[in-house]
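**Q** Going by the working numbering, the first residue of the sequence shown is number 737, and it counts up by one from there.
All C-beta atoms in this analysis are idealised placements derived from N, C-alpha and C, irrespective of residue type, glycine included.
Owing to the predicted nature of the structure, the values given are computational and were not obtained by experimental measurement.
Got a structure for you, questions after.
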Amino acid sequence: MLSKEDQRRFEQITRNLRESDPAFFARLDNRARGRRGRWLLLLTVVLWAALPATTVLAGRIAGAIFAVVLVTNAALMWRFRQRWL
């Protein structure tokens, strides 16, 4: 955890860098979006792989919960659609 003075200094450096090199911040923003997409894709694969076993072992309610989570995940992936990998 940074002290208040260190946090203020960090924000000042960040602001100066953003103003002096906007292309650098654009590249960082693109990398963060790519990471989000990879996590959503990984979550989708894991949930689809676990869905049959969970439904058999834990019942229909667990399967229904997984289905809702998968639909939500699909909506997020559609919302943030881009190059995933």
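1. Return the CA-CA distance between Arg751 and Ala759, expressed in angstroms with no decimal places.
2. Alpha carbon to alpha carbon, how far is Gln748 from Asp757? Give it in angstroms, no decimals.
3. Distance check for Phe802 and Val792, CA to CA, integer angstroms please.
4. I need the straight-line Cα distance from Leu812 to Val805, nearest angstrom please.
5. To the nearest angstrom, report how far apart Val807 and Leu764 are at their CA atoms.
6. Between Asn809 and Thr780, is the Cβ-Cβ spacing less than 8 Å?
**A** Checking against the coordinates, here is how it stands:
1. 14 Å
2. 14 Å
3. 12 Å
4. 10 Å
5. 29 Å
6. yes
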